[in-house]
Ligand code: NAP
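Numbering (the working numbering), first residue to last: 1 to 460.
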């Protein structure tokens, strides 16, 4: 089957690529495995040289790469430029810090010597989503390449040009053939690749369904896996919050990346006392966003990444309304070409409705009004997801205390969840396991090997 790139704004087909044959997949695995035999012995300095070169090529191509992101998946151009910069900073961060992060760790022993050596494990498979086509790849590839592992990467089928561009950048950086290989394959080929003895681990960012299927294949083969899956982040507003700032950030948190971020703020949980003010301001700000061409810098909300994504979210909204929820603003497909949905707020959601449990992957906010802090915490935890979350309050101690009671991988106080190179990123519950970024992100696919030297004086 062909892998097709379609512009979600114009709906025009941009390019199409053939899926790899079995023979081509075999060659890719074999090259990655062969390269691993030498890459694992390279110094950190040699590995860093390749990543720094990748970063510098990306800097030179920033405009071209940003436009590619926008044309393939509809991200606003300024956000696409930010993404390219951020991916560059991840390559540079691991090039600079890996040696320190992976230094031998001495252990306290009575006699002789003991330490933990962090060694590479081999060829890894990464399966990445379309919503941040460069950033997602960087946060998986950069730390693992610095460890000494080699990478096979299956990107999402709707961003094949971004996928090709990343591979071409590694080639231009003179990375050894097989260090980073793009795989044009479909989901069904994943388990066969994981079955291969030369593959030592796999990581997936995406939906629960895809994650479960990859984890099953990895588990069956006793191979390590990392899963970064969906989320339904709560955004809690306490009565002492600055409502102007909270509503500005509510719009940002729900519409960044056209609402298609795993850590987008999705469930707005507002204390009764400030609910009316919050809703009035939130409604006005969501309702006046300018929809349009994502290449136009004045556009505030672009199209969803695909027709399928639009269909899914419209179905979710319509079903919620049929089940008794109320549309406060938006809710429809506007009269525009492209996969658009209006910025939407839905209220009157009850636990019996499907929407109560589902992730909304688009600019649609669920609004809940609660009596007190206890109810807010209970509702925040009433989800199978556990990725991010945020709490808005002037009382930082109170906010931290609430943060302690929410079951999720990341909680931000006075800001929607966001990612940065030096902070661990990942979730709990059905949002997955393992961490990316920071020092934790480089520790997932290493062999923490114990080396113990027994003193000759020690008794037998
Ligand atoms: P998706 O369908 O799961 O796609 C993600 C990747 O998995 C793609 O490369 C896809 O390939 C592949 N895939 C699909 N089915 C597969 C299968 N059965 N086995 C192995 N691989 C398979 O995800 P999506 O719906 O496009 O992306 C949105 C989801 O990702 C949301 O739930 C979002 O919250 C989550 N996400 C999580 C994070 C995080 O860090 N936690 C970050 C971003 C997104 P094809 O494109 O060829 O199907």
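Ideal Cβ positions, reconstructed from N, Cα and C, are used throughout, including at glycine. Since we're looking at a predicted model, the values are computed, not measured.
Top-ranked residue by Cα proximity to residue i, from the options
i           : options            : result
residue 75  : 299, 49, 287, 367  : 299
residue 32  : 110, 112, 122      : 122
residue 375 : 238, 294, 297      : 238
residue 150 : 103, 201, 134      : 201
residue 91  : 447, 338, 454, 441 : 441
residue 71  : 307, 293, 398, 350 : 293
residue 414 : 304, 382, 390, 303 : 390
residue 248 : 394, 240, 283, 273 : 283
residue 153 : 34, 147, 141, 161  : 141
residue 116 : 109, 225, 136, 450 : 450
residue 316 : 287, 363, 207      : 363
residue 325 : 254, 312, 344, 311 : 344
residue 361 : 219, 308, 420      : 308
residue 394 : 182, 241, 64, 234  : 241
residue 157 : 304, 454, 5        : 5
residue 260 : 444, 206, 456, 3   : 206
residue 55  : 134, 448, 444      : 134
residue 184 : 428, 82, 120, 167  : 167
residue 421 : 11, 314, 196, 143  : 143
residue 281 : 208, 297, 243      : 243
residue 346 : 101, 93, 327       : 327
residue 118 : 103, 50, 318, 136  : 103
residue 353 : 330, 332, 383      : 383
residue 430 : 2, 180, 35, 381    : 381
residue 170 : 443, 331, 371, 58  : 58
residue 457 : 110, 34, 11, 40    : 110
residue 176 : 372, 35, 423, 3    : 35
residue 427 : 208, 348, 47, 132  : 208
residue 357 : 368, 332, 385, 348 : 385
residue 47  : 17, 120, 367, 8    : 120
residue 105 : 447, 210, 438      : 447
residue 423 : 311, 93, 2         : 93
residue 14  : 23, 68, 399        : 68
Residue environment, residue i, which counts as buried when at least 16 other CB atoms sit within 10 Å
i           : result
residue 452 : exposed
residue 229 : buried
residue 436 : buried
residue 412 : buried
residue 245 : exposed
residue 216 : exposed
residue 38  : exposed
residue 188 : exposed
residue 408 : buried
residue 341 : buried
residue 84  : buried
residue 258 : buried
residue 148 : buried
residue 234 : buried
residue 351 : exposed
residue 313 : buried
residue 182 : buried
residue 128 : buried
residue 401 : exposed
residue 219 : exposed
residue 132 : buried
residue 112 : exposed
residue 455 : exposed
residue 336 : exposed
residue 285 : buried
Cβ-Cβ separation, residue j to residue i (assumed contact under 8 Å), whole Å
i           : j           : result
residue 418 : residue 359 : The Cβ separation is near 18 Å, so there is no contact.
residue 114 : residue 125 : The Cβ separation is near 33 Å, so there is no contact.
residue 194 : residue 223 : 6 Å
residue 387 : residue 262 : 6 Å
residue 52  : residue 95  : 5 Å
residue 268 : residue 365 : 5 Å
residue 203 : residue 225 : 7 Å
residue 468 : residue 289 : The structure shown does not extend to residue 468, since the chain spans only 1 to 460, so no value can be given for it.
residue 355 : residue 320 : 4 Å
residue 251 : residue 79  : Not a contact, Cβ separation roughly 14 Å.
residue 66  : residue 77  : 6 Å
residue 433 : residue 227 : 6 Å
residue 28  : residue 18  : In fact, because the Cβ distance is near 14 Å, the residues do not count as touching under 8 Å.
(message) Please give me, in chain order, every unbroken run of the alpha helix (DSSP H) with length at least 4 that falls completely inside the stretch 334 to 397.
(response) Considered as a whole, the stretch 334 to 397 harbours 373 to 380 as its complete alpha helix (DSSP H) runs of no fewer than 4 residues, in chain order.
(request) Would you mind listing the alpha helix (DSSP H) stretches within the stretch 207 to 292 that are 4+ residues and don't spill past its ends, in chain order? (result) Those alpha helix (DSSP H) runs which fall completely within the stretch 207 to 292 and span 4+ residues are 208 to 220, 243 to 255, 272 to 287.
(request) Taking only runs that begin and end inside the stretch 117 to 160, name each unbroken beta strand (DSSP E) of 3 or more residues, in chain order. (result) 123 to 127, 150 to 154
(request) Quick one: which unbroken beta strand (DSSP E) runs of 3-plus residues sit fully inside the stretch 391 to 454? Chain order, please. (result) Unbroken beta strand (DSSP E) stretches of 3 residues or longer found wholly inside the stretch 391 to 454: 446 to 453, given in chain order.
(message) Please give the ranges of any alpha helix (DSSP H) in the stretch 158 to 194, keeping only runs that are unbroken, at least 4 residues long and fully inside the region.
(response) 160 to 172
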